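Protein chains in written order, with the working numbering: chain A, 65 to 386; chain B, 1063 to 1317. Glycine included, C-beta positions come from ideal geometry on N, C-alpha and C. Just so we're clear, the structure is a prediction, and the values are computed from it rather than from any experiment.
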Amino acid sequence: MIEVQHLTKRYGRLTAVEDVTFRVEPGEILGFLGPNGAGKTTTMRILTGYLPATEGKAIVAGFDVFDQPIEAKRRTGYLPETPPLYPDMKVAEYLGFVAKVKGVPSAERRERIRAVMERTRIADMAGRLCSQLSKGYRQRVGLAQALIHNPDVLILDEPTAGLDPKQIIETRELIKELKGDHTIILSTHILPEVSQTCQRVVIINKGRVVAVDTPDNLTARLRGSETMYLQVDAAGADAGVTLGRVAGVTRVAESDRRDGVVGYEVETERGYDVRRDLARAVVSSGWGLLELRPMRMSLEEIFLSLTTEELPTPGGEETAHE
Amino acid sequence: MSNILAIAQKELKSYFASPIAYVVIGLFALLYGYFYVAILSYFVRQSMQLRQFGGPQSMNINQDMIRPLLQNVTVLVLFFLPMVTMRTYSEEKRSGTIELLLTSPLTDFQIIMGKFIGALTLYAIMLGVTLIHTGVLFVYGNPEWKPLMTSYLGLLLLGGCFISVGLLISSLTKNQIVAGMVTFAVFLFLWVITWIGSFSGPTMNELTTYLSIIDHFEDFAKGVIDTTHLIYYVSFITFGLFLTAKAVDSERWRG
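Listed below in structure tokens is the structure:
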């Protein structure tokens, strides 16, 4: 549905996006993840036809955005970072204007406006001036605007930025509801958002794609060695040594200690499940086993390790420039 | 076409949703009223004196009343139109709504024409106010309507030129005040461009007279439609809108 090939955008000598390639299948939600200034907005602006690319190609809903911009724009809904509202228009009036310029036939306009207002839950704000809306409602009107012509492709630039937690959850639910009917790209720098809403993730840093994968795979791929968290009660001073003797354990580090309860981080070789042996070692030494769980690398850590150059990214290279 | 009208309608609505339209039209009406009264009193006094002394020629209402009046309108236009055009693009850029327009299935030409027609309509409404005063002249006097028509046509074309320059300048900046000031300065320069011509040789004189935006209005005010002036105004407007289109497009490339 969306195909981006070797997209490059330069502003004078500054390169905002370099050689970005990815594709999005119909009905999929793709997360576009990266720190601020990584080139997310620039890429989205190129896809929506707002900016031309310096090099490369972008095909949206079957139309090249450079050669057939009008056709591509007809099939794209776009929510920019700040919702593009006219402060002196009423919500319904604003949606009417957008419907007109997006080419919704006049016979269907009224019905479309009603439908999107219902879907984004802004029907009770229809008569309100856009300038008087709260941040949450502005965002929803922005989303309604993007949906008004029932586009095949939805491009959402940080749709949850600046919302309160309740609104964030509502917005995410709404985006999930839209999946299937629309192909969606959404950008964010908030990681849980990606794991909750997106099927695939493109991680972008300094204008380059550093990884493309599903959130689960990204998490799994980066677990080179596995780490267990172990918390024991009434352990002797030599507990660390005892644990280190368990087969498969490569390193034991004390992570916290409080009221005689000691927490250890136990690193193990990959592919070894040492939980049984660890538990047995603790119990046979007469200590109390309070907690034993694998420590997965969170998306935050993956993200940091991918976007920080000093750290090598295990398994990250092969997908980096495909 | 429907796209152009949609933009034009939106522009016009936004003038009336904000105080701009009311302030511009209101102040214009006030100042125009003042000029009207001043010139009318002068006209009445002059014709009384002429009658008293029984001069050979009588006063002509078209030539001695309406023409100076409408020439004063051109001065008002010089001050008022920058305030109408300064926000057209600047405001959309500042608030980010330009992103909506440029990602909608619209061509740059449609957006520019829509904005032009919107501003021109507001200007026409502003001129419409003066029809009331002119109507009074028809009740109590017998002015000719043909030179009046050409004068209004001239005023519309003159305003169109200013609006096309205003759009161009507004498309170059995010800052409304900057857009307004620069537009005013450019208008004023186009106005007084002939001053230098009178000192600097016949060629220069001819050139500046041709370029002067106001000299072309003279014939319209006299009731003459000369194609030279018509072509000047129409090509001026076209060129202004063309440059605006280029400016919007180059903005895109520069980001």
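Buried or exposed: which applies to residue i, given that a residue is buried once 16 or more other Cβ atoms fall within 10 Å of its Cβ?
i: S1226 (chain B); result: buried
i: T1166 (chain B); result: A small fix is needed here, since residue 1166 (chain B) is Ser in this sequence, not Thr. Buried.
i: N269 (chain A); result: buried
i: P1081 (chain B); result: exposed
i: Y1295 (chain B); result: buried
i: A117 (chain A); result: buried
i: H246 (chain A); result: buried
i: E381 (chain A); result: Since pLDDT at E381 (chain A) reaches only 40, below the 50 mark, its modelled position is unreliable, and the value read off the structure follows with that caveat. Answer is exposed; the Cβ neighbour count stays below 16.
i: Y1096 (chain B); result: exposed
i: L375 (chain A); result: Residue placement at L375 (chain A) is poorly supported in this model, since its pLDDT is 39, which falls under 50; the coordinates are not used for a value here.
i: P169 (chain A); result: exposed
i: Y158 (chain A); result: buried
i: P148 (chain A); result: buried
i: T1169 (chain B); result: exposed
i: R176 (chain A); result: buried
i: T1300 (chain B); result: exposed
i: M1063 (chain B); result: exposed
i: S1057 (chain B); result: Residue coverage of chain B in this structure runs from 1063 to 1317, which leaves residue 1057 (chain B) outside it and unanswerable.
i: E89 (chain A); result: exposed
i: E182 (chain A); result: exposed
i: A301 (chain A); result: exposed
i: H70 (chain A); result: exposed
i: S1312 (chain B); result: exposed
i: R13 (chain A); result: Chain A is shown from 65 up to 386; residue 13 (chain A) falls before or after that span and cannot be answered.
i: F127 (chain A); result: buried
i: R309 (chain A); result: exposed
i: Q1114 (chain B); result: exposed
i: V165 (chain A); result: buried
i: P61 (chain A); result: This structure cannot settle anything about residue 61 (chain A), because the visible part of chain A is limited to 65 through 386.
Quick one: give me the first and last residue of the beta strand (DSSP E) that residue i is part of.
i: A24 (chain A); result: Absent from the structure is residue 24 (chain A), since the part of chain A shown begins at 65 and ends at 386.
i: I1287 (chain B); result: Segment: none, I1287 (chain B) is in no beta strand (DSSP E) and carries neither H nor E.
i: G1259 (chain B); result: Counting along the chain, G1259 (chain B) falls outside any beta strand (DSSP E), though it belongs to the alpha helix (DSSP H) covering T1256 to G1259.
i: S412 (chain A); result: Look at the range of chain A in this structure, 65 to 386, and you will see that residue 412 (chain A) is not part of it.
i: T85 (chain A); result: L78 to V88
i: G1263 (chain B); result: Where G1263 (chain B) is concerned, there is no enclosing beta strand (DSSP E), although the alpha helix (DSSP H) it sits in stretches over G1263 to L1273.
i: I93 (chain A); result: I93 to L97
i: T332 (chain A); result: V325 to T332
i: I268 (chain A); result: R264 to N269
i: M359 (chain A); result: G352 to M359
Going by DSSP, what residue range makes up the alpha helix (DSSP H) through residue i?
i: K1075 (chain B); result: S1064 to A1079
i: Q203 (chain A); result: K199 to L211
i: V1137 (chain B); result: R1129 to T1147
i: G160 (chain A); result: V155 to V165
i: E172 (chain A); result: S170 to R183
i: S348 (chain A); result: R339 to S348
i: L1193 (chain B); result: D1170 to Y1202
i: Q1114 (chain B); result: I1082 to F1115
i: P144 (chain A); result: Where P144 (chain A) is concerned, there is no enclosing alpha helix (DSSP H), given that its DSSP letter is neither H nor E.
i: G308 (chain A); result: A303 to G308
i: K104 (chain A); result: K104 to L111
i: P133 (chain A); result: P133 to R138
i: L115 (chain A); result: Run containing L115 (chain A): none; DSSP gives neither H nor E here.
i: Y75 (chain A); result: Here Y75 (chain A) belongs to no alpha helix (DSSP H); instead the beta strand (DSSP E) covers I66 to Y75.
i: R1156 (chain B); result: S1152 to S1157
i: P1209 (chain B); result: W1207 to S1232
Write down the C-beta distance between residue i and residue j rounded to the nearest angstrom, noting that I regard them as a contact closer than 8 Å.
i: Q209 (chain A); j: I93 (chain A); result: About 19 Å; that fails the 8 Å criterion.
i: P144 (chain A); j: D216 (chain A); result: About 19 Å; that fails the 8 Å criterion.
i: D131 (chain A); j: R272 (chain A); result: Contact flag wrong, Cβ pair sits at about 26 Å.
i: T261 (chain A); j: R236 (chain A); result: 5 Å
i: Q1133 (chain B); j: A1283 (chain B); result: 6 Å
i: L294 (chain A); j: E234 (chain A); result: L294 (chain A) to E234 (chain A), Cβ: 39 Å. No contact.
i: I1101 (chain B); j: L1138 (chain B); result: Going by Cβ atoms, the distance from I1101 (chain B) to L1138 (chain B) rounds to 13 Å, so no, they are not a contact pair.
i: G1259 (chain B); j: T1270 (chain B); result: 3 Å
i: M1148 (chain B); j: G1242 (chain B); result: 4 Å
i: F1249 (chain B); j: L1093 (chain B); result: F1249 (chain B) to L1093 (chain B), Cβ: 17 Å. No contact.
When you compare the CB of residue i with every CB in chain D, is at least one pair closer than 7 Å?
i: T1196 (chain B); result: Structure shown: chain D not included; protein chains present are A and B.
Ranges of the alpha helix (DSSP H) found wholly within the region 213-257 of chain A, counting only runs of at least 4: The alpha helix (DSSP H) runs of length 4 or more contained entirely in the region 213-257 of chain A are, from start to end of the chain, 229-242.
Any residues in the region 158-179 of chain A with a beta carbon nearer than 8 Å to a beta carbon of chain B? Which ones, in chain order? Residues are counted here when their Cβ sits less than 8 Å from a Cβ of chain B; for the region 158-179 of chain A these are F161, V162, K164, V165, K166 and G167, given in chain order.
Quick one, which residues of the region 1165-1188 of chain B are near chain A if we go by CB-CB under 8 Å, in chain order? Of all residues in the region 1165-1188 of chain B, only T1165, S1166, P1167, L1168 and T1169 come within less than 8 Å of chain A when Cβ atoms are compared, listed by chain position.
Return the residues of the region 108-125 of chain A that lie within a Cβ-Cβ distance of less than 7 Å from chain B, sorted by chain order. Those would be T112, G113, Y114, L115 and P116, in chain order.
Under 7 Å, CB to CB, which of the residues in the region 1201-1212 of chain B have a partner in chain A? So the list is empty, because no residue satisfies the distance condition.
Residues in the region 200-217 of chain A with C-beta within 8 Å of chain B's C-beta atoms, listed in sequence order? From the region 200-217 of chain A, only Q209 have a Cβ closer than 8 Å to chain B.
What residues in the region 1216-1239 of chain B bring their beta carbon closer than 8 Å to a beta carbon of chain A? With the criterion set as a beta carbon lying under 8 Å from some beta carbon of chain A, the region 1216-1239 of chain B has no members that meet it.
May I ask you to list, following chain order, the residues of the region 1070-1085 of chain B that have a beta carbon less than 7 Å from some beta carbon of chain A? Here the close residues are K1072, S1076, A1079 and S1080.
For the region 1243-1257 of chain B, which residues have a CB atom closer than 9 Å to at least one CB atom of chain A, in sequence order? Per Cβ criterion, the list is empty.
Residues from the region 1283-1316 of chain B in contact with chain A, defined by Cβ distance under 8 Å: Listed by position, the residues of the region 1283-1316 of chain B near chain A (Cβ gap below 8 Å) are R1314, W1315 and R1316.
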